[in-house]
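Chains as they are written, first to last, in our numbering: chain A, 451 to 563; chain B, 36 to 149.
Rendered as structure tokens:
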């Protein structure tokens, strides 16, 4: 079965640079989520989109923005990168059914030097 | 506010034995979903099992079962017949009804011993 696809898998950036993370949800899933997992921590919710509209927002810094496109893929844009942004970034997708199980991609490991 | 508590930072289990990973939660929402995810050292987050707050029976998925005690607000994961490949971090998580974000616990690191 098709899974959530994230690219790139690894990304190395310098401080103050910009990064773009991409996410391709499972086919027919209408909701996309972004999470940030720091080293040794649990994932923290950043933002979600339902049918291309922002549906929920968590602790996402103002330097970050995200959107969902007409083909349902989503991008997380991160600007003015800081050392503390180094983390594993997950994208997840789900349908809007009652169970609403979120299936995660393999993650993008971002290192800011 | 929602909160997930996992009190076991690390657990060891002998191969082929069963193990229970503890999880308690706190929410004021009458409707919610409970999840367990597995995160191997490679980093991916793998969905294991789901329990809805109105489900009458405990969820089971192969060797995984969820011991759901609603009155105690606990949702323990039971892994039967442990395998070496079960060694990983396990996260308990909750999604309150009407919300989309999932709140995770801090995780339990399980190590299966040959």
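Don't be surprised by glycine CBs; every beta carbon is placed ideally from N, CA and C.
Burial state of residue i (16 or more Cβ within 10 Å)
i	result
residue 499/A	buried
residue 507/A	exposed
residue 119/B	exposed
residue 73/B	buried
residue 89/B	exposed
residue 145/B	buried
residue 563/A	exposed
residue 61/B	exposed
residue 544/A	buried
Residue i: contacting residues in chain B (beta-carbon distance under 7 Å)
i	result
residue 498/A	135, 136
Residue range of the beta strand (DSSP E) that includes residue i
i	result
residue 126/B	123 to 131
residue 61/B	59 to 61
residue 42/B	It is not in any beta strand (DSSP E) - residue 42/B carries neither H nor E in the DSSP assignment.
residue 113/B	109 to 114
residue 144/B	143 to 148
residue 528/A	524 to 528
residue 81/B	81 to 87
residue 504/A	503 to 507
residue 67/B	67 to 74
residue 556/A	Unbroken run through residue 556/A: none, as it is neither H nor E.
residue 136/B	From DSSP, residue 136/B is part of no beta strand (DSSP E); its letter is neither H nor E.
residue 531/A	That residue, residue 531/A, is in no beta strand (DSSP E); it is neither H nor E in DSSP.
Proximal residues of chain A, C-beta to C-beta of residue i below 8 Å
i	result
residue 79/B	554, 555, 556, 557
residue 107/B	Correct list: empty, because the minimum Cβ distance to chain A is about 22 Å.
residue 142/B	492
Beta-bridge partners of residue i, as assigned by DSSP
i	result
residue 513/A	Residue 513/A pairs with nothing; no bridge assigned.
residue 102/B	111/B
residue 519/A	Beta-bridge pairing links residue 519/A to no other residue.
residue 546/A	Residue 546/A pairs with nothing; no bridge assigned.
residue 462/A	561/A
residue 34/B	With chain B running from 36 to 149 in the structure shown, residue 34/B is simply not present.
Chain A contact residues for residue i, given Cβ-Cβ distances below 7 Å
i	result
residue 85/B	549, 551
residue 139/B	492, 493
residue 68/B	549, 550
Neighbour list for residue i in chain B, Cβ cutoff strictly below 9 Å
i	result
residue 514/A	By Cβ distance, chain B contributes nothing, its closest Cβ being about 15 Å from residue 514/A, past 9 Å.
residue 481/A	135
Under 8 Å from the C-beta of residue i: neighbouring residues of chain B
i	result
residue 505/A	135
residue 508/A	136
residue 538/A	78
message: For the pair the segment 42 to 58 of chain B and the segment 549 to 563 of chain A, tell me if three or more CB-CB distances fall below 8 Å.
response: no
- prompt: Counting pairs of beta carbons, one from the segment 518 to 531 of chain A and one from the segment 96 to 115 of chain B, are three or more of them closer than 8 Å?
  reply: no
query: When the Cβ atoms of the segment 125 to 139 of chain B are set against those of the segment 59 to 73 of chain B, are three or more pairs found closer than 8 Å?
result: yes
query: Do three or more CB pairs link the segment 503 to 521 of chain A to the segment 38 to 51 of chain B at distances below 8 Å?
result: no
At least 3 beta-carbon pairs within less than 8 Å: the segment 538 to 545 of chain A vs the segment 509 to 516 of chain A: Note that the segment 538 to 545 of chain A does not touch the segment 509 to 516 of chain A; fewer than 3 beta-carbon pairs, one per stretch, sit closer than 8 Å.
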